[in-house]
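A short worksheet on the structure shown next.
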Amino acid sequence: MASKNKPDSAPPNYSLGEAATQFLLTLSSEERLKSQQEVYKFVRWYGEKRPLMGLTIPEVANYTEQITSSTTEVVEKLGIPKTFLAYAHKQGWTKTNLSVHLKSKKTPPKLGSPIKRSSHKKVLLTTKGYADLKAELDTLKNKRPRIAEEIQKAASDKDFRENAPLEAAREQLGQVEGRIKELESTLKTATLLDEQQAGSREISFGDTVVLRDLASGEQVSYKLVDASEANAIKGKISVVSPMGRALLGRMQGQKIEVKAPAGIMHYQIEDIQHRLT
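Numbering-wise, the sequence shown is residues 946 to 1222 according to the numbering used here.
The following block contains the structure:
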């Protein structure tokens, strides 16, 4: 029988990039294909050569600030890096289970509020912008049955500790329903804008901007709001945030740079949905 006093071998001091590679190799080909984009996006945000052991709880907790809900798949987007961090802790690569600190920030709905300024704001949309939002709305409505089925399946699992799948499915459904209402309101009040006219207008407060990450090719959508309304999970960012400051005054087609923990992130402005003033 091995002696209890015998010291364990020191865990490898992997960089984030090395740890991500080791994690992905444990997955099946299909799961690896589905997971690698979000895993490497997480790694790239903090730096591929950053020591995994040096990643802090506050840094992980703030990761959601750069995720938008334009596709309302926040739970899925966070689920993959959460699994990666949980695996890393299980392997002894981190002292703390950082996965428990990577979660969407829940904001309670403001019920009964006499003022709902955002619900009556009109926006100017290009023909393409209108079509994109309409397509997203149709996609979300088609997702409802699948999420409802996931909720029913998770609710029937009495043995799962704390029933995390049920909580995740309910959270996703709430985000989907919220985004559907937002899209329906936007499309109902939108005014179509000539493409050439839209491209000649600068980004200002209240506008919604579609960006393309030049490194990954992923598209994200942000709405520029006051700091009091900012909610990164809902795609609303403050005009005084690093991203907000980089966008103000820019025009469609231009490129911007945003400072992240890992360095400078590069984006191109693909579309602007102007607020109607």
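Beta carbons: idealized from backbone N, C-alpha and C, even for Gly.
Since this is a predicted model, take the numbers as computed values, not measurements.
{"Asked": "Could you tell me the alpha carbon to alpha carbon distance between R1124 and H1046, rounded to whole angstroms?", "Found": "25 angstroms"}
{"Asked": "Taking C-beta to C-beta, are Q1197 and I1217 nearer than 8 angstroms?", "Found": "yes"}
{"Asked": "Note down, in chain order, each residue of its chain lying with its Cβ closer than 6 angstroms to the Cβ of G1151, except the 5 sequence neighbours on either side.", "Found": "R1220"}
{"Asked": "Distance check for N958 and P1090, CA to CA, integer angstroms please.", "Found": "44 angstroms"}
{"Asked": "Return helix, strand or coil for K1196, following the three-state DSSP convention.", "Found": "Here residue 1196 turns out to be Met, not Lys, going by the sequence shown. Looking at M1196 - three-state DSSP - the assignment turns out to be coil, as it is neither helix nor strand."}
{"Asked": "Express the C-alpha separation of Y1212 and E1112 in angstroms, rounding to a whole number.", "Found": "34 angstroms"}
{"Asked": "If I measure Cβ to Cβ from G1194 and keep anything under 6 angstroms in the same chain, skipping five residues before and after, which residues do I get?", "Found": "E1147"}
{"Asked": "Quick one: give me the first and last residue of the beta strand (DSSP E) that V1154 is part of.", "Found": "1153 to 1158"}
{"Asked": "So what does DSSP say about A1175, is it helix, strand or coil?", "Found": "coil"}
{"Asked": "Within its chain, find whatever has a CB closer than 6 angstroms to the CB of G1189; leave out the 5 residues flanking it on each side and keep chain order.", "Found": "L1169, I1182, S1183"}
{"Asked": "With 16 other CB atoms within 10 Å as the buried threshold, where does G1037 fall?", "Found": "exposed"}
{"Asked": "Which of the three DSSP states is assigned to A1205 in this structure?", "Found": "strand"}
{"Asked": "Quick test of your reading: P996 and S960, contact by CB under 8 angstroms. State the CB separation rounded to the nearest angstrom.", "Found": "6 angstroms"}
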